[in-house]
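Undergrad: Please read through the structure below; I'll follow up with questions.
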Amino acid sequence: MNTSAQSSIPNPRSSILLHTTDEDHHVALMAAVALGLTILEGAIPSPLPGVKPGLANIVTLIVLARYGWRTAVWVSLLRVFAGSLLFGNFLTPGFFLGLSGALFSLLVLAVARHLPSRWFGPVSHSIYAAFAHIAGQMAVVYFWLIPNAGIAYLIPIFASAALLFGAVNGLIAARFMDNAENNMFSRGERREGQNMNSQSS
Amino acid sequence: MAVLQHIRLGDWLTLVIGSVCVILLAMKLWSGDLADKAVIRSGGKVFREVTLSKDQKIEVPGPLGISVIAIQNRRVRIASDPSPRQYCVRQGWLQQAGEIALCLPNQVSVELTGSHKRYDSLSY
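Chains as they are written, first to last, in the working numbering: chain A, 1 to 201; chain B, 202 to 325.
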């Protein structure tokens with residue numbers, strides 16, 4: 001019963017309850033929002049398989065800007081894994097496409113976020129991440145799934161989509177953060193996401 | 202536009218460089234005069250479709266035996282064939298979209314396809 005100080009579940013009866021921190025709850029919440037966007041996006045018809053707006057990346061961008069890269073990694077990978085369980089494609093090629101795209105994006109974001117923030121904002125981050133995403137997916141397609149296929153012909157389409165959706169997602173993220181700064185979230189709490197506990201989540 | 206205030210100078214730079222990269226990619230990959238794919242048929246059915254980007258040898262079974270199709274430097278030829286007159290082997294390397302080599306006795310053919318065909322058909 002003394003765990004209720006740490007857990008939001010009152011009087012947990014299970015003996016396997018993990019001790020979670022506020023940070024974990026925050027990551028879970030953000031991943032849940034990202035998941036919601038992923039599902040929403042699944043309802044949007046796509047002219048070509050693989051061309052998707054990637055709305056969940058808006059969440060990743062905001063988390064990156066506010067809480068740092070490590071938290072963004074947690075949110076992004078949680079979204080990929082939980083999303084695949086939800087859609088039922090865990091460990092299928094589609095899952096590895098998403099995973100590879102997410103990993104490439106995160107690696108690029110790790111570098112891109114050190115660009116001088118005076119000149120480079122979420123829009124740049126988003127575009128770079130979007131390009132990295134298709135690069136990661138293309139790598140999986142080419143080296144694993146269909147090594148002989150003429151996917152090279154589709155690359156310009158994917159690249160244009162990445163540029164367009166990357167810019168739009170970046171704008172949405174920037175707009176959202178601007179609004180949030182002016183309105184409700186102006187409490188000034190900007191944690192760096194460094195105190196992640198490895199015992200949990 | 203209130204939205205545009207979120208695009209900083211470097212973001213514009215990113216957008217411009219990104220657009221240039223996309224255009225260059227499209228021009229490079231969609232120039233499309235040379236063939237990019239070979240359609241191999243055996244007995245009238247498509248046996249395999251392969252890109253020309255990877256050098257390889259493909260063995261295609263036919264009623265007389267095995268025809269070997271070689272892909273090298275974005276060109277295709279029938280390397281060997283059990284047909285008596287060897288027409289398709291002597292045809293040599295195929296490179297342009299629309300070109301086709303037929304080994305009729307063994308019912309094997311290889312046809313090059315591209316983004317647009319230069320000829321509807323070729324007759325010899």
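No residue lacks a Cβ here, since even glycine has one placed at the ideal position from N, Cα and C.
By the 7 Å beta-carbon criterion, what residues does the segment 205-216 of chain B contribute toward chain A?
TA: Correct list: His207, Ile208, Arg209, Leu210, Gly211, Asp212, Thr215, Leu216.
Undergrad: Against chain A, with Cβ distances strictly below 8 Å, would Ala298 of chain B count as a contact?
TA: No, Ala298 of chain B lies away from the interface with chain A (no Cβ there is under 8 Å from its Cβ).
Undergrad: So Leu313 of chain B is in the beta strand (DSSP E); what residue range does that whole segment cover?
TA: Where Leu313 of chain B is concerned, the enclosing beta strand (DSSP E) stretches over 309-314.
Undergrad: Give the secondary structure of Pro156 of chain A by DSSP, where H, G and I count as helix, E and B as strand, and everything else as coil.
TA: Residue state, collapsed to three classes: helix.
Undergrad: Please state if the CB of Val269 of chain B and the CB of Ile241 of chain B are separated by a distance shorter than 8 Å.
TA: Result no, Cβ atoms of Ile241 of chain B and Val269 of chain B do not sit closer than 8 Å.
Undergrad: Would you list the residues sitting across from Ser268 of chain B in a DSSP beta bridge?
TA: Ser268 of chain B is bridged to B:Val261.
Undergrad: Under 7 Å between beta-carbons, which chain A residues line up against Val223 of chain B? List them in chain order, please.
TA: Simply Pro156, Ala159, Ser160, Leu163.
Undergrad: Under the rule that 16 or more other beta-carbon atoms within 10 Å means buried, what is Glu300 of chain B, buried or exposed?
TA: The residue in question, Glu300 of chain B, is buried, as its Cβ has 16 or more Cβ neighbours within 10 Å.
Undergrad: Would you tell me roughly how many angstroms separate the C-alpha atoms of Ala161 of chain A and Phe143 of chain A, rounded to the nearest one?
TA: Whole-angstrom Cα-Cα distance: 22 Å.
Undergrad: Check whether the Cβ of Gly101 of chain A lies closer than 8 Å to any Cβ atom in chain B.
TA: Not closer than 8 Å to any Cβ of chain B, the Cβ of Gly101 of chain A fails to qualify, so no.
Undergrad: Within 8 Å of any Cβ in chain A, is that where the Cβ of Ser243 of chain B sits?
TA: No, no contact with chain A.
Undergrad: Look at the Cβ atom of Ser126 of chain A, then the Cβ atom of Asn169 of chain A, and state whether they are nearer than 8 Å.
TA: Cβ distance < 8 Å, so Ser126 of chain A and Asn169 of chain A count as in contact.
Undergrad: Just the C-alpha distance for Gln297 of chain B and Leu313 of chain B, rounded to the nearest angstrom, thanks.
TA: Taking the straight line from one Cα to the other gives about 7 Å.
Undergrad: Starting from the beta carbon of Arg175 of chain A, find every residue of chain B whose beta carbon is closer than 7 Å, and list them in chain order.
TA: Near Arg175 of chain A (Cβ distances below 7 Å), the residues of chain B are Val204, His207.
Undergrad: For chain A, is any of its Cβ atoms less than 8 Å away from the one on Leu305 of chain B?
TA: Leu305 of chain B does not count as touching chain A.
Undergrad: Hey, is Ala227 of chain B's beta-carbon within less than 8 Å of any beta-carbon in chain D?
TA: Looking for chain D here will not work: the only protein chains present are A and B.
Undergrad: Run through DSSP, which three-state label would Ala72 of chain A get?
TA: Three-state DSSP puts Ala72 of chain A in a helix.
Undergrad: If you compare alpha carbons, which of B:Val311, B:Val247, B:Thr215 is closest to Arg276 of chain B?
TA: Closest option to Arg276 of chain B, Cα to Cα, is B:Val311.
Undergrad: Between the Cα of Ala56 of chain A and those of A:Leu35, A:Leu115, A:Thr21, spot the shortest distance and give me the residue it belongs to.
TA: Selected option, being the one with the closest Cα: A:Leu35.
Undergrad: Give, in chain order, every residue of the segment 249-276 of chain B whose Cβ lies closer than 7 Å to some Cβ of chain A.
TA: Cβ contacts with chain A come from Val251, Thr252, Lys255.
Undergrad: Could you give the DSSP three-state label for Lys246 of chain B: helix, strand or coil?
TA: The answer is strand: DSSP assigns Lys246 of chain B an E or B state.
Undergrad: Can you tell me whether Arg206 of chain B is helix, strand or coil according to DSSP?
TA: According to the sequence displayed, residue 206 of chain B carries Gln and not Arg. In this structure, Gln206 of chain B counts as helix in the three-state DSSP scheme.
Undergrad: What residues from chain B crowd round Val123 of chain A, counting only those whose CB sits closer than 8 Å?
TA: Here the neighbours are His207, Ile208, Arg209, Asp212, Thr215, Leu216.
Undergrad: Comparing alpha-carbon positions, which option in A:Ile155, A:Ala129, A:Arg118 lies nearest Val141 of chain A?
TA: Ranking A:Ile155, A:Ala129, A:Arg118 by Cα distance to Val141 of chain A puts A:Ile155 first.
Undergrad: In its own chain, which residues sit with a C-beta less than 8 Å from the C-beta of Phe95 of chain A, not counting the 5 before and 5 after it?
TA: Contacts found: Val80, Ser84, Asn89.
Undergrad: With 8 Å as the threshold, decide whether the Cβ of Ala167 of chain A is near any Cβ in chain B.
TA: By this cut-off, Ala167 of chain A is an interface position.
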